[in-house]
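The structure appears right after this line, and notes come after that.
Protein chains: 2
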Amino acid sequence: MAGKEKLVSAITSREEDFAQWYTDIVKKAELINYSSIKGCMIIRPNGYAIWENIQRALDERFKATGVENVYMPMFIPESLLQKEKDHVEGFAPEVAWVTHGGGEKLQERMCVRPTSETLFCDLYANIVQSYRDLPKLYNQWCSVVRWEKTTRPFLRSMEFLWQEGHTAHATEEEAEERTIQMLNLYADFCEEVLAIPMIKGKKTDKEKFAGANSTYTIEALMHDGKALQSGTSHNFGDGFAKAYDIQYTDKENKLSYVHQTSWGMSTRIIGAVIMVHGDDSGLVLPPKIAPKQVMVIPIAQKKEGVLENAQALCDRLSKVARTGIDISDKSPGWKFSEYEMRGIPVRVEIGPKDIENGVCVLARRDTGEKLTVNIADVEKEVTALLDTIQKDMLERARAHRDAHTYTAQSLEEMGKIINETPGFIKAMWCGSQECENKIKEEYAITSRCMPFEQEKISDKCVCCGKEAKTMVYWGKAY
Amino acid sequence: MAGKEKLVSAITSREEDFAQWYTDIVKKAELINYSSIKGCMIIRPNGYAIWENIQRALDERFKATGVENVYMPMFIPESLLQKEKDHVEGFAPEVAWVTHGGGEKLQERMCVRPTSETLFCDLYANIVQSYRDLPKLYNQWCSVVRWEKTTRPFLRSMEFLWQEGHTAHATEEEAEERTIQMLNLYADFCEEVLAIPMIKGKKTDKEKFAGANSTYTIEALMHDGKALQSGTSHNFGDGFAKAYDIQYTDKENKLSYVHQTSWGMSTRIIGAVIMVHGDDSGLVLPPKIAPKQVMVIPIAQKKEGVLENAQALCDRLSKVARTGIDISDKSPGWKFSEYEMRGIPVRVEIGPKDIENGVCVLARRDTGEKLTVNIADVEKEVTALLDTIQKDMLERARAHRDAHTYTAQSLEEMGKIINETPGFIKAMWCGSQECENKIKEEYAITSRCMPFEQEKISDKCVCCGKEAKTMVYWGKAY
Chain S
1 MAGKEKLVSA ITSREEDFAQ WYTDIVKKAE LINYSSIKGC MIIRPNGYAI
51 WENIQRALDE RFKATGVENV YMPMFIPESL LQKEKDHVEG FAPEVAWVTH
101 GGGEKLQERM CVRPTSETLF CDLYANIVQS YRDLPKLYNQ WCSVVRWEKT
151 TRPFLRSMEF LWQEGHTAHA TEEEAEERTI QMLNLYADFC EEVLAIPMIK
201 GKKTDKEKFA GANSTYTIEA LMHDGKALQS GTSHNFGDGF AKAYDIQYTD
251 KENKLSYVHQ TSWGMSTRII GAVIMVHGDD SGLVLPPKIA PKQVMVIPIA
301 QKKEGVLENA QALCDRLSKV ARTGIDISDK SPGWKFSEYE MRGIPVRVEI
351 GPKDIENGVC VLARRDTGEK LTVNIADVEK EVTALLDTIQ KDMLERARAH
401 RDAHTYTAQS LEEMGKIINE TPGFIKAMWC GSQECENKIK EEYAITSRCM
451 PFEQEKISDK CVCCGKEAKT MVYWGKAY
Chain X
1 MAGKEKLVSA ITSREEDFAQ WYTDIVKKAE LINYSSIKGC MIIRPNGYAI
51 WENIQRALDE RFKATGVENV YMPMFIPESL LQKEKDHVEG FAPEVAWVTH
101 GGGEKLQERM CVRPTSETLF CDLYANIVQS YRDLPKLYNQ WCSVVRWEKT
151 TRPFLRSMEF LWQEGHTAHA TEEEAEERTI QMLNLYADFC EEVLAIPMIK
201 GKKTDKEKFA GANSTYTIEA LMHDGKALQS GTSHNFGDGF AKAYDIQYTD
251 KENKLSYVHQ TSWGMSTRII GAVIMVHGDD SGLVLPPKIA PKQVMVIPIA
301 QKKEGVLENA QALCDRLSKV ARTGIDISDK SPGWKFSEYE MRGIPVRVEI
351 GPKDIENGVC VLARRDTGEK LTVNIADVEK EVTALLDTIQ KDMLERARAH
401 RDAHTYTAQS LEEMGKIINE TPGFIKAMWC GSQECENKIK EEYAITSRCM
451 PFEQEKISDK CVCCGKEAKT MVYWGKAY
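If you're matching them up, the sequences are chains S and X in order. Its first residue numbered 1, the first sequence is counted upward by one per residue in the working numbering. Its first residue numbered 1, the second sequence is counted upward by one per residue in the working numbering.
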């Protein structure tokens, strides 16, 4: 892979094989490396820097709503995991067990956290006594482990990075409010920072989190017409509080159970960024999370004055954007392809002719468009262009999603859509799990969510023809 | 603990029982909570916010030297751990083993990383081919697990948070240079940000890292005269490269082994902050890492205008420092004690009389000193005071360390010092492990480091009386 003569080899096109295109990108843009542990990935600097930018932006938004960060142990004793029945049933089959430590067999085995509800409950039971101690709005950034048979970089791996927020409230209303608040926060973050529009809604009972009263979700549509669950927010009611005995004394000095929520977003969202924005030349990163937003490429750099001028441009642009420069002896063509593969939003080209004319060229990664601008105005021009790219990427993603959102009146219609022009399918549902199961069995289509914005497409369930209760977004999902 | 009438109960004094004083502080300042997993701690918001500030400052310094962040799997297959003989001997006894996952027994057990040299070696063997790929300057922020029988919050726990840097270089010289560069970076960080002066030096062979050619360390002196190893930087030479087959093609097209380093700092350093700066009223935080630097306390807050003026002060100060305000109905006396316990550097008091006179009172946490300043100048005054506190804390810590650094000419003298006036002991050493062992057996004193700044205290080894080679800092250690 290394050396002066390395060429940027082409990747599989999206049309030809979307799955292979995805794998090519994560490898060639050097986002990840496979590791010697099956199903675990190594996140390389190009990938991790994206995660750091996501973390920073999300964390700031969390803290603005009063959330505080903590760190909980990575191990959960088996007895603690087992206290909430639905929860343990949901997670026990996919955990990793530590059975030996310090050379000895453990008296009680511990799992590596697949999620930390049980640990937060244990903590809250200890530190919450009075209504004055509420709410508790804790979050942690960590890695979790879930044993998966089939894994794909970012989308599904045995270990992944995420944040998990866990809150405890005095009332049911307050817990519901926080659940929705965090869902909205996720959706706004995805639109404003990742340039990915989201459908917000509630999961059906079949699809909700193990132990939750209700699960809310944001769903995005990938370029290939498949859906990706991008973040979830759960309202637990007082179920966990009862299992873990988390009670507080209210203002009237009566004991009550707390009401809890949890909400999470993971490195999976990087998969969404790749599959929503990427193209056949590689990654396309929204400026707000791009580790480098601008790359300066000198043209004919051995000619007098080129390197100095390019470096001066880089220095100036570094004050307004995350800017890099490539002065290696590779050809400009190689460099163009390389930084296109890495998805850097703006390329700045500067050569002898440009210098003579007092201009440089800005090339947009998202459209390929080139603009010649005066060097004197370069900070202003680049800042404005990064803004435009960020907005345009969102609008293109929205247009693609809307163009691939369909309505269906019958099972047959659903099947035809999913096989011919895959996308979101809006269709009515009677509310029975039987119909949900049938749709899944026939077409591998799952209910993505019952959207907050309801429409009445028909009176009848798309599956059984009985009276419909809700409009559901359906789709094939990652 | 909760409720209006909660009193800030006194903590054990340092003189009475330093260990109990430490435990009292970590609990009462709400830095940690014990968890249901023996030896694992929960880092609560007050503690985690300190770690976030440490992380931010360190990470910035790392990146300024070209370091890039990555994330490696938390599991290490047994066969991978075993490739470097010294390394596995050092760590195997204290790891936790995962033997089951996804409901099945694993074909090969995996340990939870105690440190990640082996994983980084595996990665470098894959991605380093040519001299053009070097150096690799990777770092990760993560948690690691080491099975410990006796644990203490921050100082020694089964799981702890840290960063581990791992670099690969073309030459021996470059690796040595990076090892020393990172040691200096740690020492500067501790002095400039944590206000803790460090002794820099090299570990003896007995005390070096399992698998390293040489280990460098920074050592700090705690208030009780015991030493704390605060950060280490290791030069591996090409030992790991040979064990893991990490070769590159050099400019002459010959295959050579890379030279590697690793370096780490952990949540342990929070223990140093507590034990260097804390006093009998609680935590004392250096302004640069204090989650809140200033706390505004209204006096007689029910009197007209007090709350508004206090809030206005808080708003103005928020622009120059991390500022909070406590307008709860607890008494000012309670609030004073509470924020002293939490170590907040500056308290701002404002009451009806102050408002009349256009002044407010600034109280320093580190000295207890009070200053009356004009409200008009409050931003300037507080900024200057935070600076002064930061500097004074470093100077006081340095004076304490210097006053508790002794020289010894004989074993008996060492014993007398360590029992009567514990501190660092500078004494000559012949270089034999026999003498090192003897000193440890007799007085539980270990060699802390062979400092870069050598002095010639005598010609003879403090233990055997033979010719001395090096001056060593000795001490009792955490």
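Glycine included, C-beta positions come from ideal geometry on N, C-alpha and C. Computed from a predicted structure; not experimentally measured.
The Cβ atoms of L185(X) and R61(X) sit closer than 8 Å to each other.
Going by beta carbons, A187(X) and K200(X) fall inside the 8 Å limit. Against chain X, the beta carbon of M110(S) has neighbours under 9 Å at I37 and A96, listed in chain order.
Annotation: the continuous alpha helix (DSSP H) that includes R178(S) extends over E172 to E192.
In this structure the region 153-165 of chain S lies against the region 249-267 of chain S, because at least three pairs of beta carbons, one per stretch, are closer than 8 Å. The residue among S36(X), T115(X) and I350(X) with its C-alpha nearest the C-alpha of C142(X) is T115(X). Interface criterion not met: the Cβ of C314(S) is under 8 Å from no Cβ in chain X. Contact annotation: V320(S) and V382(S) have beta-carbon atoms nearer than 8 Å. Between M72(S) and L119(S) a beta carbon distance of about 5 Å is seen, short of the 8 Å cut, so the two are scored as contacting.
With a contact defined as Cβ atoms closer than 8 Å, G343(S) and V294(S) miss out at about 12 Å.
DSSP places Y443(S) within a helical segment (H, G or I) once states are collapsed to three. The contact set of S143(S) on chain X, defined by CB atoms closer than 8 Å, consists of Y71, M74 and C142 in chain order.
The bridge partners DSSP lists for Y34(X) are M41(X). When only Cα atoms are considered, I274(S) and A29(S) end up about 11 Å apart. Inside the region 351-420 of chain S, DSSP marks whole beta strand (DSSP E) runs of 3 or more residues at positions 359-364, 370-374 and 405-407, from first to last along the chain. Counting C-beta pairs with one atom in each stretch, the region 215-222 of chain S and the region 83-96 of chain S have fewer than three that are closer than 8 Å, which means they do not touch.
Taking a C-beta cut-off of 9 Å against chain X, the contacting residues of the region 117-128 of chain S are L119, D122, L123, N126, I127 and V128, listed in chain order. When the alpha-carbon of E420(X) is set against those of G225(X), G90(X), L317(X) and R113(X), the nearest one is in G225(X). Per DSSP, the beta-bridge partners of S214(X) are N235(X).
Close partners of E84(X) in chain S (Cβ separation under 7 Å) are lacking, with about 15 Å as the shortest Cβ gap.
Shown here, C435(S) sits in a helix according to DSSP, grouped into three states. The beta carbon of H223(X) is closer than 6 Å to those of M275 in its chain, skipping five residues each way along the sequence. Under the DSSP assignment, W147(X) falls outside any alpha helix (DSSP H); it carries neither an H nor an E label.
Using a Cβ distance threshold of 8 Å, L313(X) and V348(X) count as a contacting pair. Counting along the chain, Q20(X) sits inside the alpha helix (DSSP H) bounded by residues F18 to K28. Closer than 8 Å at the C-beta level to chain X, one finds no residue of the region 251-281 of chain S.
Boundaries of the beta strand (DSSP E) harbouring Y473(X): T470 to G475, taken from the DSSP string. Secondary structure at G264(S): strand, using DSSP grouped into helix, strand and coil. For Q247(X), DSSP records a beta bridge to Y257(X). The DSSP-derived three-state label of A195(X) is coil.
Exposed is the label assigned to K85(X), since fewer than 16 other Cβ atoms lie within 10 Å of its Cβ. Taking a Cβ-Cβ cut-off of 8 Å, the neighbours of E159(X) in chain S comprise P73, M74 and F75, given in sequence order. Under the DSSP assignment, K85(X) falls in the alpha helix (DSSP H) whose first and last residues are K85 to F91. Going by DSSP, M72(X) is part of no alpha helix (DSSP H) at all; its letter is neither H nor E. The region 438-450 of chain S makes contact with the region 413-429 of chain S, as at least three CB pairs between them are under 8 Å. In chain order, G101, G102, G103 and E104 make up the part of chain S whose C-beta sits under 9 Å from the C-beta of W147(X).
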